[in-house]
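Have a look at the structure below, then the notes.
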Amino acid sequence: MWILMISLLTEIPYPNQPDWESIDNDYSTGGALVDVDLDGDPDFITGNGNDMAQNRNKVYYNYNDTLQHIAGWQSSDVGYNAHISLGDINYDGYPDLAVANYGDPYTPQDDKFYYNLSGNFQANSSWHPKDRDNSFACAFGDMDGDGDLDLAVACGEAYGDSAQKAKVYLNNNGILDTLPVWQSNIVSYFYDVSWVDIDQDGDLDLGLAAELGPNLIYRNTNGILESTPYWQSAQSLNTLKLAFGDIDNDGDLDMVCANNGQLGGQSNCQLYLNTGTNLSTTPSWTSQNLTYYSCVALGDVDQDGDLDIAAGGWWESVKVFENTGGTFPTTPSWQWSPSSPYYLVCENISFGDVDNTQPVSITNEPHLITPTKRVFYLNNRWIKNITRVRRASGDLTRDQYCFSYIDGWVSIKNIISQTETIWVDYTFSKNLDLIVTNWDQSRGNFLFLNTMSPYVSENVENSIEKISIFPNPNKGSFSIQTSYSDILIKIFDVSGRLIKKQNGKDVRIDKDGIYFIQIYDKTKLLHSAKIIVMTK
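Its first residue numbered 1, the sequence shown is counted upward by one per residue in the UniProt record's numbering.
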């Protein structure tokens with residue numbers, strides 16, 4: 001049994017052909033796996049059109065753990081739609097849809113927003129900003145710390161030489177403002193935007209990807225983004241997509257980016273490590289150079305406790321780079337492309353448990369917050385739904401918190417006056433299927449089901465938070481920090497052989513290598529991870 005488990009963990013668990021393909025002929029760009037109708041499984045939402053044609057936005061509903069091949073919902077309005085973001089802006093529990101509108105290809109157009117009406121989106125966009133831009137990406141996040149979702153938009157169009165400012169529109173009682181509350185001081189060709197607490201001060205900062213210019217992060221101070229960048233990359237990278245996550249398991253958030261070389265420079269993926277409160281200005285890892293990288297995403301696809309990198313590009317394969325102790329190979333650990341590479345133009349990668357192989361519910365996960373630090377990250381990402389958030393005095397209402405489906409952060413409204421514990425009940429996708437949007441009209445969007453057999457059925461209460469991350473890689477000697485008084489530790493070598501079984505928190509491994517560690521409270525598995533030992 002254990003040998004099988006370990007062998008699965010040493011490979012990227014995706015098949016050599018897609019398990020599903022849509023048959024709508026769109027220029028699909030934006031994509032997300034989110035439970036639109038709240039029936040417990042993720043649906044697939046796409047933004048379509050790009051700079052090629054005016055398409056409709058669509059939803060492929062998940063019925064009986066299978067996605068529709070033809071979309072069950074499509075917008076009545078059309079546009080040159082690009083990337084999307086989903087979040088509940090009006091506190092009714094249903095995720096709403098924002099869509100960036102790229103333009104034709106040089107004429108600015110209206111960005112879009114669709115309220116979710118109990119499982120189906122509105123037929124037409126119900127919001128239009130007063131200023132038109134060429135927008136390629138958007139992202140929901142709580143900029144002002146009031147517990148609801150504001151909307152950031154990445155603007156600019158490189159092909160038509162139209163440099164523009166990134167913008168943020170506030171949410172007022174479930175309605176987005178039509179004028180931005182903040183604009184970047186720099187005009188650029190911004191192609192992606194992401195909210196992230198980069199400096200670990202308990203609020204959301206804003207990351208921006210740029211063509212023909214450096215990538216930027218604007219820091220959040222007292223609920224407003226600063227007027228000048230807090231960080232910028234040392235080089236102009238021609239980046240189309242960003243993703244943030246704790247790559248090296250040191251407690252802070254690192255950044256990966258997909259750099260596209262069509263307008264100059266190299267085409268690759270790069271990793272920028274967080275130094276504690278900011279990113280390094282130069283990358284610590286760079287993938288092999290290929291044609292035109294265009295998208296990147298983070299997920300623990302092999303369930304070994306660290307985040308792997310998925311990426312794709314124009315007329316090249318969708319691929320995964322396996323995380324091994326915070327390091328990555330320069331060439332993919334897994335990849336797929338159709339018989340002709342011209343049939344696959346990757347624009348977005350999303351993760352989620354489409355076939356409900358391993359649903360996981362977390363109960364009473366505790367997090368400390370203070371009056372000034374009210375953003376925290378759940379212990380997991382790719383969230384299906386949050387069902388309850390409570391403090392000692394009772395449950396929070398839907399208008400007192402918001403969250404990110406993809407990154408797993410939660411933002412609490414300013415309702416506390418001292419340090420408190422917040423408990424969260426939620427479900428997340430552990431068995432991560434991979435879906436990619438495809439800009440090429442001759443083929444559809446592609447889904448790859450994760451083939452890893454679930455070896456743990458989880459309903460975790462107050463467990464993961466009680467174990468701190470130990471050094472990884474390490475020198476073979478470390479201590480498990482946990483609130484449990486008596487734990488059992490099992491350590492397996494790379495072949496799956498049990499080499500050590502012990503009670504007690506101090507661990508010693510004398511030989512260099514890759515190992516798998518499991519930590520139990522009696523018979524209940526609390527934590528499992530792949531570790532790397534380098535004694536010298």
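Just so you know, even glycine gets a beta-carbon here, dropped at the ideal spot from N, CA and C.
For the beta strand (DSSP E) holding residue i, just list the boundary residues, first then last.
i: Y230; result: Premise fails: Y230 is in no beta strand (DSSP E) and is neither H nor E.
i: residue 567; result: Because the chain here runs from 1 to 536, residue 567 falls outside it and cannot be looked at.
i: Q335; result: W334 to W336
i: E211; result: D205 to E211
i: Q164; result: Unbroken run through Q164: none, as it is neither H nor E.
i: L240; result: T239 to G245
i: Q502; result: L498 to N503
i: T427; result: E420 to S429
i: D96; result: D96 to N101
i: A258; result: D254 to N259
i: A32; result: S28 to V34
i: Y61; result: Unbroken run through Y61: none, as it is neither H nor E.
i: T363; result: P359 to I369
i: G476; result: Where G476 is concerned, there is no enclosing beta strand (DSSP E), given that its DSSP letter is neither H nor E.
i: S85; result: N81 to G87
i: S411; result: W409 to I412
i: Y114; result: K112 to Y114
i: R508; result: D506 to R508
i: Y377; result: V375 to Y377
i: Y401; result: Y401 to F403
On the CB-based measure, 16 or more other CB atoms within 10 Å of its CB, does residue i come out buried or exposed?
i: H69; result: exposed
i: I499; result: exposed
i: D96; result: buried
i: N462; result: Note that N462 scores 44 on pLDDT, short of 50, meaning its location in the model is unreliable and no value can be drawn from it.
i: residue 553; result: Look at the range of the chain in this structure, 1 to 536, and you will see that residue 553 is not part of it.
i: Q518; result: buried
i: G156; result: buried
i: P366; result: exposed
i: A310; result: buried
i: N503; result: exposed
i: N185; result: exposed
i: K511; result: exposed
i: N459; result: Caution is warranted here: a pLDDT of 46 is assigned to N459, below 50, making its placement in the model unreliable, and the coordinate value is therefore given only provisionally. The residue is exposed, with fewer than 16 neighbouring Cβ atoms inside 10 Å.
i: Q288; result: exposed
i: S457; result: Bear in mind that a pLDDT of 39 at S457, under 50, signals an unreliable position, so the number given afterwards is only what the model happens to contain. With fewer than 16 other Cβ atoms within 10 Å, it is exposed.
i: A210; result: buried
i: G207; result: buried
i: S85; result: buried
i: K530; result: buried
i: R374; result: buried
For residue i, which beta-bridge partners are listed by DSSP?
i: Y515; result: D493 and I531
i: Y189; result: E211
i: D395; result: R390
i: V354; result: Paired residues: none, contrary to the question.
i: Q74; result: K58
i: G47; result: G30
i: W439; result: Answer by DSSP bridge pairing: none, since W439 is not bridged.
i: N220; result: L225
i: Y342; result: Y342 is not bridged to any residue.
i: E21; result: F446
i: T324; result: T327
i: D433; result: G352
i: I383; result: F428
Beta-carbon of residue i versus every beta-carbon of chain C: anything under 9 Å?
i: A210; result: The question asks about chain C, but that chain is absent: this structure has only one protein chain.
Can you find at least 3 beta carbon pairs, one from the stretch 98-105 and one from the stretch 381-398, that sit closer than 8 Å?
no
Mind the definition here: the stretch 344-353 touches the stretch 297-305 only if three or more C-beta pairs lie below 8 Å; say whether that holds.
yes
Just list the beta strand (DSSP E) runs in the stretch 266-322, keeping only unbroken ones of 3 residues or longer that don't cross its boundaries, in chain order.
268-272, 293-299, 308-313 and 318-321
Evaluate contact between the stretch 477-485 and the stretch 260-277, counting only Cβ atoms and requiring at least three cross-stretch pairs below 8 Å.
no
I want to know whether the stretch 109-124 touches the stretch 367-386 - three or more CB-CB distances under 8 Å.
no
Three or more C-beta pairs closer than 8 Å, one from the stretch 123-138 and one from the stretch 167-178: is that the case here?
yes
Is the stretch 9-20 in contact with the stretch 379-387, if contact means three or more CB pairs nearer than 8 Å?
In the pairwise beta carbon analysis, the stretch 9-20 is classified as not touching the stretch 379-387: fewer than three pairs are separated by under 8 Å.
Flag this pair as touching only if the stretch 16-24 and the stretch 436-445 have three or more C-beta atom pairs under 8 Å; answer yes or no.
yes
Which parts of the stretch 116-182 are runs of the beta strand (DSSP E), unbroken and 3 residues or longer, counting only runs that do not cross its ends?
135-141, 150-155 and 167-169
Does the stretch 23-36 touch the stretch 67-85, meaning 3 or more C-beta pairs lie closer than 8 Å?
yes
Take every Cβ of the stretch 317-330, pair it with every Cβ of the stretch 400-414, and state whether three or more of those distances are shorter than 8 Å.
Not touching, per the Cβ criterion.
Contact between the stretch 188-200 and the stretch 208-228 is defined here as three or more beta-carbon pairs at a separation below 8 Å; is this criterion met?
The answer is yes - the stretch 208-228 touches the stretch 188-200, with three or more Cβ pairs under 8 Å.
Contact the stretch 217-234 vs the stretch 429-441: 3+ CB pairs below 8 Å
Segments in contact, no.
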